[in-house]
Structure formats: C-alpha cells, structure tokens
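Per this note's numbering: the sequence shown ends with 1309, consecutive numbering throughout.
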Amino acid sequence: MERRKRNLLVVLIGIVIVVAMVSSFGLGLFAPDTAKIVLPTPEVSQQPGGEPGEQSGLVLVDVTPETVQSVIRDTLSRPDRYTRAVTIEDFWGEGESGTTHADVWVDGGWTQTEAALPGGTVRYSIVGDGQFWLWYGGDRTALSGPADGHSADLEGQRIPTYEDVLELEQDAIAAAGYEEKGGLACIYVETGEDALGYVEKYWVSVDSGLLVCAEQWKGEELTYRMTSYAVSTDRTLFGLTEFALPDGTVLHTVEE
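Pasting the structure below:
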C-alpha cells in the first residue's frame, strides 16, 4: 500500500514538472519577440534660425550636399496651380542696379508671365503644350517656337526654379542644409566657386516646394538676386480665367 502511494506521488510530481516545462517553452514560442522589433527613427536636422519642422509640421530628413537633390525632388510637394510675384535684381557695381517685377501664373503644365523690365517695357510670355509664345506691350502678334525645359523661365529673363537646383552637378554643390529665408523655412543649397569666380545660392521652401530665393555672388559682391516669398494657391484669387495671346487667341482655359 505504501509502495503504491509512493509510485503515485512520483507520477504526480512528474506531471507537474512536464506541465511547467511546456508552459515555459510555449510562452517563449508564441509570445512576440519584442526585443527584436526595431522602429526606425527619422534623422531630424536642427538648424539655427529655421526650425522648419515646427513651422510646417514636416518630419525633416538629414540634408547634405549628397542628398539635397533627392530630398527636394522626392519629399517636397508642389501645387499644380498658383500665382506669385517675383522680383529680379541685377547689381552691376558702384551702386548701379536694375529691377524687374514679374507676375507669374501657373496652371498645370501652363505658365503665363507678365514682367515689367527696368526700362519700363512690359514683356509677356506663355509656355505650355510644348510651345512658347513671347511678346511685348503694344504688340499684336507673338513670337512662338518649341519649348524646352527652361522655357517657363521667362524665356531668358532668368527666373530660376527648383528644377535648376535638381540639374546641378552633385560635385558642384558645396553646402546644403535647412535655413530660414524671408520668414520661410527653406532647404538651402550653395554651389562651389565656378571657373569665373561665381557662387550660386538657392532657397527652396519646405512648405510650397518652390524656389523662393536665388542669389549669385562673386567674392563678397552680390551680382544677382531673385525673390518670391508669397505664393497664393487660392483658386478664387488666381485672377486669370484664360491664357490668351495679344490677338485674342485663347491658348488655355483655367478650369474652376
């Protein structure tokens, strides 16, 4: 009788040990391996003065001369329709300068520009559908021809865009980062000195994705500056219902 009780006790102890081992291994097998789950943390750049992350609500990736073009191309979004005023200043030294004021309307693949040149002449241009049209105030006809990637740049009036930054040779970029310009949080790009001694600087808004300022320097002397800080995307304030030539030919109708 005592022997039967001892055998029963041994069996019960063995069952308890087996249950404990199964429970232990079972929990380890089916419980999620949280120690191996790694969440990537975005690399945020804090640049003095700009703090664009707080202003725009964007998570900022690290910007370097090697990455700045891909950041501008792949992470910034640009409006399909907008209007803005552009100021172009040329500095010739000894206090002499000239200023061009331009109004630009963009609707999808169409761009219309009205620019008041330093001498008072008003120059108009429309670019779209693979063509450009160009005329001056008082003209009844427009010059036209096939457009290329730079035609929307006012056909030679030197209003650069963010595409100019993307077309830079990477090894020509000497510096890049975040910087405030005109009260806007921007991505800043600076080229190295070229063969003629010129350095170009660009500021692209992290909010609109558009180029808002460009400068050209030769040594300590500023030779060129373009600024366009205010961009309106309000459709009711667009101001144009059609892009038309001076003879009344409508090239593009702005849809509501």
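We put the beta carbon where it would ideally sit given N, CA and C, even for glycine.
Counting along the chain, the unbroken alpha helix (DSSP H) around Arg1126 starts and ends at 1121-1128.
When the five nearest sequence neighbours on each side are left out, the beta carbons in the same chain lying within less than 6 Å of the beta carbon of Gln1165 are those of Trp1158, Ile1179, Phe1296, in order along the chain. By the neighbour-count criterion, in which a residue is buried when 16 or more other Cβ atoms sit within 10 angstroms of its Cβ, Pro1171 is exposed. Apart from sequence neighbours up to five positions away, the residues of its chain that approach Tyr1177 with a beta-carbon distance below 6 Å are Glu1167, Trp1188, ordered along the chain.
As DSSP reads the structure, Trp1145 sits in no beta bridge. Take Asp1160, set aside five residues on each side of it, and the residues of its chain with a beta-carbon closer than 6 Å to its own are Arg1134, Val1307, in chain order. In the displayed model, Val1307 falls within coil according to three-state DSSP, outside both helix and strand. Under the DSSP assignment, Val1114 falls outside any beta strand (DSSP E); it carries neither an H nor an E label.
Annotation: Tyr1215 is outside any beta strand (DSSP E); the continuous alpha helix (DSSP H) that includes it extends over 1215-1219. Secondary-structure assignment with DSSP links Pro1199 through a beta bridge to Gln1184. Distance check between Ala1155 and each of Glu1147, Glu1149, Gly1146, Thr1174 places Thr1174 closest, using alpha-carbon atoms only. Under DSSP, Phe1296 forms a beta bridge with His1305. At a Cβ-Cβ threshold of 8 Å, Leu1219 and Ile1141 do not count as neighbours. By the Cβ-count criterion, Ser1281 is buried, with 16 or more other Cβ atoms from all chains shown falling within 10 Å of its own Cβ. Burial check for Ser1130: the Cβ neighbour count within 10 Å stays below 16, so the residue is exposed. A check of alpha carbon separations from Val1284 across Leu1304, Gly1262, Glu1246, Trp1270 identifies Gly1262 as the nearest. With a threshold of 16 other beta carbon atoms within 10 Å, Gly1181 meets it and is buried.
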